[in-house]
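Chemist: So the protein lines, in turn, are chains U and Z. Under my numbering, the residues of the first sequence are numbered 1 to 114, in order. Under my numbering, the residues of the second sequence are numbered 115 to 225, in order. The structure's right below; bear with me while I get my questions together.
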Amino acid sequence: NAGVTQTPKFQVLKTGQSMTLQCAQDMNHEYMSWYRQDPGMGLRLIHYSVGAGITDQGEVPNGYNVSRSTTEDFPLRLLSAAPSQTSVYFCASRDHATGTEGYTFGSGTRLTVV
Amino acid sequence: SQQGEEDPQALSIQEGENATMNCSYKTSINNLQWYRQNSGRGLVHLILIRSNEREKHSGRLRVTLDTSKKSSSLLITASRAADTASYFCANYSGGYQKVTFGIGTKLQVIP
Numbered sequence: 001n002a003g004v005t006q007t008p009k010f011q012v013l014k015t016g017q018s019m020t021l022q023c024a025q026d027m028n029h030e031y032m033s034w035y036r037q038d039p040g041m042g043l044r045l046i047h048y049s050v051g052a053g054i055t056d057q058g059e060v061p062n063g064y065n066v067s068r069s070t071t072e073d074f075p076l077r078l079l080s081a082a083p084s085q086t087s088v089y090f091c092a093s094r095d096h097a098t099g100t101e102g103y104t105f106g107s108g109t110r111l112t113v114v
Numbered sequence: 115s116q117q118g119e120e121d122p123q124a125l126s127i128q129e130g131e132n133a134t135m136n137c138s139y140k141t142s143i144n145n146l147q148w149y150r151q152n153s154g155r156g157l158v159h160l161i162l163i164r165s166n167e168r169e170k171h172s173g174r175l176r177v178t179l180d181t182s183k184k185s186s187s188l189l190i191t192a193s194r195a196a197d198t199a200s201y202f203c204a205n206y207s208g209g210y211q212k213v214t215f216g217i218g219t220k221l222q223v224i225p
């Protein structure tokens, strides 16, 4: 099993550009989430999904879109990149709704917006 | 904000000593988790303690939970240099749909 795979690992964007961060998991997990990690601020939830076709906003959703057309994939789209979106982005997945399992995390995408 | 707060934010100890880090939330605690993050890597799930449990052990890890104080602590016994990492607590909210993380404790274990 590959677990949670994120691509790319590094990306530099110019202000105003758009891009999609990819996330795929092969564990048939229902729940997937995107977090951003900034120094001194821990991880903040951007968007999450409780199953294919269902997504919802987290704590910091502005400037990001998501979709969940399949169980495996949960891409994160930056619509018009801004320097404030410079961060490390993590995708994570878990199995059930019971809240008794932890997340499996991807290795992250380090994004710089100039 | 539902974000948790860890204390201390940084901790430096000698190899062999015990390391204790604490986590508190303003919201109610539901099945609290602890994660480790090595530098430049993703988070790794360490242990989950259910809201009806008070203490849980896993190897050299001991986690306690006080739901009335909305707080938890993680104890790492007989620390090793390989334990050097950041440690995060995480709490379920929104009917187990959302997981909110603390800001983390950076642990350095000196050989």
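Glycine included, every Cβ here is placed at the ideal spot set by N, Cα and C.
1) How big is the Cα-Cα spacing for L189 (chain Z) and R150 (chain Z)?
2) By the DSSP assignment, the beta strand (DSSP E) with F74 (chain U) in it spans what residues?
3) Count the other C-beta atoms from every protein chain shown that fall within 10 angstroms of the C-beta of K212 (chain Z), then say buried if there are 16 or more, exposed otherwise.
4) Closest to A142 (chain Z) by C-alpha separation, out of Z:G154, Z:R164 and Z:M135, would be which residue?
5) Should I224 (chain Z) go down as buried or exposed, given a rule of 16 or more other Cβ atoms within 10 Å for buried?
6) Can you find the residues in the same chain that come closer than 6 Å, C-beta to C-beta, to E169 (chain Z), ignoring five residues on each side of it along the sequence?
7) On the three-state DSSP scale, how would you describe D197 (chain Z)?
8) Which residues, in chain order, does the segment 37–58 of chain U contribute to contact with chain Z at a C-beta distance below 8 Å?
9) Do T20 (chain U) and L76 (chain U) have their C-beta atoms within less than 8 Å of each other?
10) Thinking C-beta only, is D56 (chain U) closer than 8 Å to Y48 (chain U)?
11) Measuring only between beta-carbons, confirm whether F105 (chain U) sits less than 8 Å from chain Z.
12) Name, please, each residue of chain Z whose Cβ falls closer than 8 Å to the Cβ of F141 (chain U).
13) How many Å lie between C203 (chain Z) and T214 (chain Z) at the Cα?
14) Give the DSSP bridge partners of L125 (chain Z), in chain order.
15) Near Y103 (chain U), what residues of its chain come up, given a Cβ to Cβ distance below 6 Å and the 5 sequence neighbours on each side ignored?
16) Between T198 (chain Z) and the rest of its own chain, which residues show a CB-CB distance below 7 Å, the 5 nearest in sequence each way excluded?
17) Quick one: residues in its chain with C-beta nearer than 8 Å to the C-beta of K184 (chain Z), no 5 flanking neighbours on either side, listed in chain order?
18) Which of the three DSSP states, helix, strand or coil, is assigned to Q25 (chain U)?
19) Show which residues of chain U have a CB atom less than 9 Å away from the CB atom of N166 (chain Z).
20) Strictly below 7 Å CB to CB, what residues from chain Z border F74 (chain U)?
21) Cutting at 8 Å between CB atoms, please list the residues of its own chain near Q123 (chain Z), excluding the five before and the five after it.
22) Look up Q6 (chain U) in the DSSP assignment and give the residues it is bridged to.
23) To the nearest angstrom, how far is it from the Cα of M27 (chain U) to the Cα of A52 (chain U)?
24) Which same chain residues, not among the five before or five after A82 (chain U), have their C-beta less than 7 Å away from its C-beta?
Modeler: On the basis of the coordinates in this document:
1) Here residue 189 (chain Z) refers to the residue found at position 75 when the second sequence is read from its first residue. Here residue 150 (chain Z) refers to the residue found at position 36 when the second sequence is read from its first residue. Roughly 13 Å between the two C-alpha positions.
2) For the purposes of this step, residue 74 (chain U) is taken as residue 74 along the first sequence, with counting starting at 1. Unbroken run through F74 (chain U): none, as it is neither H nor E.
3) Here residue 212 (chain Z) refers to the residue found at position 98 of the second sequence. Per the 10 Å Cβ criterion, buried.
4) For this step, residue 142 (chain Z) is matched to residue 28 along the second sequence. Reading off the sequence shown, one finds Ser at residue 142 (chain Z), where the question assumed Ala. Checking every option, the nearest Cα to that of S142 (chain Z) belongs to Z:R164.
5) Position 110 of the second sequence, counted from the first residue, corresponds to residue 224 (chain Z). Looking at its Cβ environment, which holds fewer than 16 other Cβ atoms inside 10 Å, I224 (chain Z) is exposed.
6) Start at 1 with the first residue of the second sequence, and residue 169 (chain Z) comes out as number 55. These residues qualify, in order along the chain: T178.
7) The residue given as residue 197 (chain Z) occupies position 83 in the second sequence. Note: D197 (chain Z) maps to helix in three-state DSSP.
8) Within the segment 37–58 of chain U, the qualifying residues are G40, M41, G42, L43, R44, L45, Y48, V50, D56 and G58.
9) In the first sequence, counting from the first residue as 1, residue 20 (chain U) sits at position 20. In the first sequence, counting from the first residue as 1, residue 76 (chain U) sits at position 76. Cβ distance < 8 Å, so T20 (chain U) and L76 (chain U) count as in contact.
10) The residue given as residue 48 (chain U) occupies position 48 in the first sequence. The residue given as residue 56 (chain U) occupies position 56 in the first sequence. Contact: yes.
11) Working through the first sequence from its first residue, we reach residue 105 (chain U) at position 105. Yes, contact with chain Z.
12) Only positions 1 to 114 of chain U appear in the structure, and residue 141 (chain U) is not among them; the question remains open.
13) To locate residue 203 (chain Z), count along the second sequence from 1; it is residue 89. To locate residue 214 (chain Z), count along the second sequence from 1; it is residue 100. So the alpha carbons of these two residues sit roughly 9 Å apart.
14) For the purposes of this step, residue 125 (chain Z) is taken as the residue at position 11 of the second sequence. DSSP, once it has assigned bridges, lists Z:L221 as partnering L125 (chain Z).
15) Sequence index remark: in the first sequence, residue 103 (chain U) carries index 103 (1-based). Closer than 6 Å at Cβ, skipping near neighbours: A92 and R94.
16) Position 84 of the second sequence, counted from the first residue, corresponds to residue 198 (chain Z). L221, Q222 and V223, listed in sequence order.
17) Locating residue 184 (chain Z) in the second sequence gives position 70, counting from the first residue. Excluding residues within five positions, the ones whose Cβ falls inside 8 Å are S138, Y139, K140, T141, S142 and I143.
18) In the first sequence, counting from the first residue as 1, residue 25 (chain U) sits at position 25. Note: Q25 (chain U) maps to strand in three-state DSSP.
19) Mapped onto the second sequence, residue 166 (chain Z) falls at position 52. Per Cβ cutoff of 9 Å: no residues; N166 (chain Z) is ~11 Å from chain U at best.
20) For the purposes of this step, residue 74 (chain U) is taken as the residue at position 74 of the first sequence. Going along chain Z, no residue has its Cβ under 7 Å from F74 (chain U), so there is no contact; the nearest lies around 14 Å.
21) Numbered from 1 along the second sequence, position 9 holds the residue referred to as residue 123 (chain Z). These residues qualify, in order along the chain: I217, G218, T219 and K220.
22) The residue labelled residue 6 (chain U) in the question sits at position 6 within the first sequence. Paired residues: U:C23.
23) In the first sequence, the residue the question calls residue 27 (chain U) occupies position 27. In the first sequence, the residue the question calls residue 52 (chain U) occupies position 52. Straight-line spacing of the CA atoms in M27 (chain U) and A52 (chain U) works out to 14 Å.
24) Locating residue 82 (chain U) in the first sequence gives position 82, where the first residue counts as 1. Hits under 7 Å: T15, G63 and V113.
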